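S.K.: One structure coming up, written as structure tokens, with questions to follow.
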């Protein structure tokens with residue numbers, strides 16, 4: 004069986020998708036799937052995903068040979084299942100992600116500059132004049 008999306012309409016709070024089912028005998032049958040937009044937002048499903056999710060629903064129901072229903076509803080259970088699958092796939096991707104790289108050391112570039120001794124912090128000297136004599140401030 005093949006399902007082809009022929010269009011969609013808006014019916015109050017539902018997005019209604021129209022499909023044509025083409026069997027092995029090339030007979031076309033009209034199918035309709037309704038999706039509640041409030042539930043779609045609640046489960047974080049993007050609008051672009053809906054036609055494919057509705058087609059998957061039709062394929063699953065067609066595989067079950069569930070009586071020849073021509074109008075189906077993309078139920079809250081189906082949306083919840085999709086949200087759980089998406090969350091588990093996201094978690095699996097996070098597990099496969101590489102760990103963060105080491106932070107660079109403070110001695111960046113030492114390999115090409117050569118070894119240089121660390122200089123101790125200098126204590127500020129008292130002010131001196133041009134001749135090297137200590138300047139005494141008087142108030």
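Numbering (our numbering), first residue to last: 4 to 142. No residue lacks a Cβ here, since even glycine has one placed at the ideal position from N, Cα and C. Fair warning: this is a prediction, and the values are worked out from it, not measured in the lab.
(1) For a test of the three-state rule: what should DSSP assign to residue 143, helix, strand or coil?
(2) With the cut-off set at 9 Å, would you say residue 60 and residue 36 are in Cβ contact?
(3) Determine which residues share a DSSP beta bridge with residue 7 and list them.
(4) Go through its chain and collect everything with a Cβ distance to residue 47's Cβ below 7 Å, but skip five positions before and after it.
(5) With a 10 Å radius around its C-beta and 16 neighbouring C-beta atoms as the bar for buried, classify residue 30 as buried or exposed.
(6) Whole angstroms are fine: how far does the CA of residue 24 sit from the CA of residue 33?
(7) Figure out for me which residue from 26, 20, 88 has the closest Cα to the Cα of residue 77.
(8) Assign residue 80 to one of two classes, buried (16 or more other C-beta atoms within 10 Å of its C-beta) or exposed (fewer than that).
(9) Could you round the C-beta distance between residue 38 and residue 22 to whole angstroms and report it? I think they count as a contact, below 8 Å.
(10) Excluding the 5 residues preceding and the 5 following residue 129 in the sequence, name in chain order all residues of the same chain whose CB lies nearer than 7 Å to its CB.
(11) Buried or exposed: residue 83, going by 16 or more other Cβ atoms within 10 Å of its Cβ?
(12) Alpha carbon to alpha carbon, how far is residue 42 from residue 49?
(13) Just curious, the beta strand (DSSP E) that residue 80 is in, first and last residue?
(14) Per DSSP, which residues does residue 75 bridge with? Please list them.
(15) For residue 53 and residue 40, I'd like the C-alpha separation in whole angstroms.
M.R.: In short:
(1) What the structure shows of the chain is the stretch from 4 to 142, and residue 143 is not part of that stretch, so it cannot be assessed.
(2) yes
(3) 23
(4) Here the set comprises 86.
(5) exposed
(6) 6 Å
(7) For residue 77, the nearest C-alpha among the options comes from 20.
(8) exposed
(9) Actually they are not in contact, since the Cβ atoms of residue 38 and residue 22 sit about 13 Å apart, beyond 8 Å.
(10) 137
(11) exposed
(12) 11 Å
(13) Looking at the DSSP string, residue 80 is not in any beta strand (DSSP E); the run it does join, the alpha helix (DSSP H), is 79-99.
(14) 36
(15) 10 Å
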